[in-house]
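Peer 1: Before anything else, here's the structure in question.
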Amino acid sequence: MTPANPATFATFHISKAMMNNTRSSLLLLLQRPLLAALSMSFIGLSLLSCSGGDGGSASSDDAIPVKGDWIVVHLLSDPEGLNPLVTNDASSSAIFNHVYQKLLDFDFATTDLYPVIAEERPTVSADHLTYTFKIRKDVKFSDGKPLSAKDVVFTFKAVKNPLITDAAALRNYYESMSDITATDDHTVVITMSKPYFLAEHFLGGIWILPKHKFDKENLTDGYTIAETNDMTKAQANASMKKFATWYNSPDVKRDPSLNVGSGPYRYDEWKTGESVSIIRNENFWNAGKDTWNPSYADKIVYKVVNDRSSAVVGVKNGEIDFMEAVPAAKFVEEVDTVATPHLSKATYTMQVYSYIGMNCQNPILTDKNVRRALAHCLDRDALIKQVARGLATPVNSPVYSDRKEYDQSIQPVVYDPAKAKEILAKAGWSDVNGDGVLDKSINGRMTPFVVSILVNAGNESREAIAVAFSDELRKVGVKLDVRKLEWSVFLENLRTRKFDISIGAWVNDPLPSDPYQIWHSSQIGNKGSNYAGFSSPRADQLLEMNRVEFDENKRISYMQEFQKIVADEQPYIFLWSPQYPAVYNKRLHGVKFSRVRPGYSPTQWWIPASQWKYSQAQ
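With our numbering applied, the sequence shown has no gaps in its numbers, which climb one by one up to 1666 at the end.
Right, dumping it as structure tokens:
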């Protein structure tokens, strides 16, 4: 699962509403039931070709895709990095998905797995412990070097190295991997120590990196997968330590010349705080044959504008071609396609939920009753109306609400400040010194109930939620300070648990639920994704049982019990699954949306030569 930068972190959905003006748009959305909430996995979908996206009344020549010109896409902040093994945010993955490729990927239309670098889906043994992948013989990296089985082996050895701290979020999906062997230049055999019901998805779903770029000293040849599964052996292996030191360096994350992939685009440059650009890979091995990546644009520029109000202005005046996650209020009230007829509006959905997370290891927040009291101070229904403008579906658990596993019986924590005061009083909190802030003796020291909430700077929706929550908490004697941090700093604070409360969201691919990455206690340390520091022996057991179970009904049972534990412990205040409001310039043709994250793909869009802005028509 991936943290999402805009107003969410996780999966998306597709909307059929297209609007000609703001008022009719809102009416259409309110009259139509919101799509089921997003889930950590993507399931079948229908593609939507947005009205107006193919040029309106332009000439018939405009309907024929052509190669040329640039597309400018909005980013709220710099991506965390360029390398897929050590970056886990949505902004980064939206870019490197066009540079790097996987053995298998999700079909943009059906969300079924299909072979990319692999010749076909793997041969799987009856006991689900052996996966054999055949690698295509014609795949090349953008620097012209062939991709072979050794690159696949290298990639897995890299992600499995436990000393590469920033790979923790991805590494948890390969915990049961016990060995990998290249039996020849184009065959890889992977063995598992125990079955994993999503093994094919994750073994096939890793981005393949070039060994000749990232391991020039062949350091990964000096250790085995078995050694990566033992921290003591890992720390004693000189090759593993040396490779991890190199891979943990800033260059691996940031250097465009180092990050070479086999995809339809290659990195151009990264201007910190301004933009990341990718250009068409003219040596793309699958050019003209890749259905979902025809790569019409010469260049795709991801332009950083860390204030979304300014970004909306940029879309209106033509400086930005596409903006996802437009603030709902601006989408409904300010983006008027009558006043700006060169723009189209759409909403789409994915498997995603937003939340307010609490650090359960903070002495003030260790008591689940205290966490529940805080939850009673959040008026979620009002926020859905005010902040999300109704373009959201409330969720009550960490399982995406359109999944079979979602437990409909779990009730939300209702907005009830009086109940919050009662719970806090029973938990021993009172205003000892009369300053309006509750106090309690913790570890022999009188401690005021003063905490902070982190949001990523420029995300107006999260800022509005934080301010509203702070106002409500003040009424019950809790002081909540709002802190806004730049995206990469925000993520680092979450991963090192240097926070009290935060607002975020999780996005995932169209798969059945496996919440292990976020909720298992093993993922608390070493920059894992269990930011809340949540720990429950029974929850751990259920998550482990879920991973090895191939019977869907049993997994549903495990997940429903797990959801009840989370609801009781209250480490998160669950908010909603959003509909993503998007705005784009009609010069973009072929715009469609999908449940495959990030929900859209600029590699599929083209600009008629008559509307080119950055290139001269040939």
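We treat Cβ as the ideally placed atom computed from N, Cα and C, and that holds for glycine. Quantities reported herein were computed from a predicted structural model and do not represent experimental measurements.
Cα separation between V1526 and Y1350?
Peer 2: Between V1526 and Y1350, the C-alpha separation is close to 40 angstroms.
Peer 1: Of all the options Y1148, S1125 and K1612, which has the alpha carbon lying nearest to the alpha carbon of S1457?
Peer 2: Comparing Cα-Cα distances from S1457 to each of Y1148, S1125 and K1612, the minimum goes to K1612.
Peer 1: List the residues that DSSP assigns as beta-bridge partners of V1237.
Peer 2: In the DSSP output, where bridge partners are listed per residue, V1237 has T1180 and T1229.
Peer 1: Between which two residues does the beta strand (DSSP E) holding V1400 run?
Peer 2: Per DSSP, V1400 belongs to the beta strand (DSSP E) from L1391 to M1406.
Peer 1: Taking 7 angstroms as the limit between beta carbons, can you name the residues of its chain near L1123, skipping five residues before and five after?
Peer 2: Excluding residues within five positions, the ones whose Cβ falls inside 7 angstroms are S1139, Y1350, K1351 and V1352.
Peer 1: Go ahead and label I1238 buried or exposed: buried means 16 or more other beta carbons lie within 10 angstroms of its beta carbon, across all protein chains shown.
Peer 2: I1238 comes out buried.
Peer 1: State the Cα-Cα distance for the pair S1536 and D1137, rounded to the nearest angstrom.
Peer 2: Going from the Cα of S1536 to the Cα of D1137 covers about 9 angstroms.
Peer 1: Might you give, ordered along the chain, the residues of its own chain that have their beta carbon closer than 8 angstroms to the beta carbon of N1491, omitting 5 neighbours on each side?
Peer 2: So the qualifying residues of the chain are P1411.
Peer 1: Once you ignore the five residues that flank V1499 on each side, which residues in its own chain have a CB closer than 8 angstroms to its CB?
Peer 2: Within the same chain, V1499 has close Cβ partners N1410, I1412, L1413, V1526, K1527, L1528, D1529, D1548 and I1549.
Peer 1: Return the bridge partner residues of G1552 from the DSSP annotation.
Peer 2: G1552 is bridged to Y1403.
Peer 1: So, is N1481 buried or exposed, given that buried needs 16 or more other C-beta atoms within 10 angstroms?
Peer 2: N1481 comes out exposed.
Peer 1: I'd like the span of the beta strand (DSSP E) that includes Y1313, first residue to last.
Peer 2: Note, Y1313: beta strand (DSSP E), Y1313 to K1319.
Peer 1: For a quick check, are the C-beta atoms of V1524 and A1475 less than 8 angstroms apart?
Peer 2: No.
Peer 1: Between which residues of its own chain and K1208 is the CB-CB distance below 8 angstroms, once the five residues before and five after are set aside?
Peer 2: Cβ neighbours of K1208 beyond the five flanking positions: R1219, Y1222, M1225, I1273, T1276 and N1277.
Peer 1: Are Y1403 and I1621 close, meaning C-beta to C-beta below 8 angstroms?
Peer 2: In contact: Y1403 and I1621 (Cβ atoms closer than 8 angstroms).
Peer 1: Determine the extent of the alpha helix (DSSP H) in which D1429 is found, giving its start and end residues.
Peer 2: Start and end: R1428 to Q1434.
Peer 1: Identify the continuous beta strand (DSSP E) that holds D1529 and give its terminal residues.
Peer 2: Run containing D1529: K1527 to L1533, per the beta strand (DSSP E) assignment.
Peer 1: Can you tell me the Cα-Cα spacing of D1483 and R1420, whole angstroms?
Peer 2: Taking the straight line from one Cα to the other gives about 24 angstroms.
Peer 1: Quick check on R1169: does DSSP put it in helix, strand or coil?
Peer 2: Coil.
Peer 1: May I have the straight-line CA-CA distance separating A1206 from S1358, to the nearest angstrom?
Peer 2: Near 40 angstroms, if we compare the C-alpha coordinates of S1358 and A1206.
Peer 1: The alpha helix (DSSP H) spanning D1519 covers which residue range?
Peer 2: That run of the alpha helix (DSSP H) goes E1508 to R1522.
Peer 1: Closer than 8 angstroms is the cut-off here; do at least three beta carbon pairs connect the region 1596 to 1605 with the region 1356 to 1376?
Peer 2: Cβ pair count under 8 angstroms is below three, so no.
Peer 1: So does the region 1175 to 1188 actually touch the region 1374 to 1389, counting three or more Cβ pairs closer than 8 angstroms?
Peer 2: The region 1175 to 1188, when compared against the region 1374 to 1389, does not touch it at the 8 angstroms Cβ threshold.
Peer 1: Identify whether I1604 lies in helix, strand or coil by the three-state DSSP scheme.
Peer 2: Here I1604 sits in helix by DSSP.
Peer 1: Since I believe D1479 is in contact with L1472 (beta carbons under 8 angstroms), could you give me their beta-carbon distance rounded to a whole number of angstroms?
Peer 2: About 10 angstroms separates the two Cβ atoms, so there is no contact after all.
Peer 1: Can you check which of these residues, P1650, R1635 and K1634, is closest to F1641 by C-alpha distance?
Peer 2: Answer by Cα proximity: P1650.
Peer 1: With 8 angstroms as the threshold, decide whether the Cβ of D1529 is near any Cβ in chain C.
Peer 2: Of the chains in the structure shown, none is chain C; there is only one protein chain.
Peer 1: Hey, could you find the ends of the beta strand (DSSP E) A1440 is sitting in?
Peer 2: Unbroken beta strand (DSSP E) run through A1440: A1440 to P1442.
Peer 1: Who are the near neighbours of D1588 in its chain, counting only those whose CB is closer than 8 angstroms to its CB and skipping five residues on each side?
Peer 2: Taken in chain order, the residues that qualify are H1568, S1569 and S1570.
Peer 1: Would you call E1265 buried or exposed, if buried means 16 or more other Cβ atoms sit within 10 Å of its Cβ?
Peer 2: So E1265 ends up on the exposed side.
Peer 1: Take the Cβ of R1545 as the centre, count every other Cβ of all protein chains shown within 10 Å, and call the residue buried at 16 or more, exposed below.
Peer 2: Classification of R1545: buried, given that the 10 Å Cβ count is 16 or more.
Peer 1: Rounded to a whole number of angstroms, what is the C-alpha to C-alpha distance between I1551 and P1375?
Peer 2: Approximately 16 angstroms between the Cα atoms of the pair.
Peer 1: Could you spell out where the beta strand (DSSP E) holding A1286 opens and where it closes?
Peer 2: Segment A1286 to Y1295 is the alpha helix (DSSP H) holding A1286; no beta strand (DSSP E) there.
Peer 1: Pull up the DSSP beta-bridge partners for L1152, would you.
Peer 2: In the DSSP output, where bridge partners are listed per residue, L1152 has P1163.
Peer 1: How many whole angstroms separate the CB atoms of G1405 and Y1579, which I take to be in contact at a CB cut-off of 8 angstroms?
Peer 2: Yes, G1405 and Y1579 are in contact; Cβ-Cβ is about 6 angstroms, under 8 angstroms.
Peer 1: K1488 lies in the beta strand (DSSP E); which residues open and close that run?
Peer 2: Run containing K1488: D1487 to I1490, per the beta strand (DSSP E) assignment.
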